[in-house]
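Numbered per our numbering, the sequence shown spans residues 6 to 122.
Here the structure comes first, spelled out in structure tokens, and everything after it is commentary.
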Amino acid sequence: QLVESGGGLVQAGGSLRLSCAASGRTFSGYDVGWFRQAPGKEREFVAAISWSGRTTKYADSVKGRFTISRDNAKNTVYLQINSLKPEDTAVYYCNTPTLGPTPGHYWGQGTQVTVSS
Numbered sequence: 006q007l008v009e010s011g012g013g014l015v016q017a018g019g020s021l022r023l024s025c026a027a028s029g030r031t032f033s034g035y036d037v038g039w040f041r042q043a044p045g046k047e048r049e050f051v052a053a054i055s056w057s058g059r060t061t062k063y064a065d066s067v068k069g070r071f072t073i074s075r076d077n078a079k080n081t082v083y084l085q086i087n088s089l090k091p092e093d094t095a096v097y098y099c100n101t102p103t104l105g106p107t108p109g110h111y112w113g114q115g116t117q118v119t120v121s122s
């Protein structure tokens, strides 16, 4: 089971750190990604990180603002989101196994990020 947390309501220009924790399974050895779905839009790839943490990938729309990282000892993957924009408003989902942009089989329940202008 994947459990996301850290979402919330923030003003434009603010920051959030999302977390994705794996329970009942380990992330070790698996690539993990973040996707998001805005109202009325399809779910889209945001970022992914390899099992070792050595490789990261980002959607063009978030490069330079989002940073994905992981702590395998804590079985957790993070998404640091800076310089938030209203268009970043979406439900953010954790997914594995994937190095993007195609999602893997396992999804979390999602965490809502709302950015006010």
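C-beta atoms are modelled at their ideal positions from N, C-alpha and C, and glycine is treated no differently.
{"Query": "Give the straight-line distance between the Cα atoms of residue 57 and residue 121, rounded to the nearest whole angstrom.", "Result": "35 Å"}
{"Query": "Return the CA-CA distance between residue 25 and residue 113, expressed in angstroms with no decimal places.", "Result": "8 Å"}
{"Query": "What did DSSP end up calling residue 76 once you bin it into helix, strand or coil?", "Result": "strand"}
{"Query": "With distances taken from CA atoms, which of 118, 47, 48, 103 is nearest residue 85?", "Result": "118"}
{"Query": "Express the C-alpha separation of residue 70 and residue 44 in angstroms, rounding to a whole number.", "Result": "21 Å"}
{"Query": "Among the candidates 99, 28, 116, whose CA atom is the shortest distance from the CA of residue 52?", "Result": "99"}
{"Query": "Return the first residue and the last residue of the beta strand (DSSP E) that residue 22 is part of.", "Result": "21 to 27"}
{"Query": "Quick one: residues in its chain with C-beta nearer than 7 Å to the C-beta of residue 31, no 5 flanking neighbours on either side, listed in chain order?", "Result": "80"}
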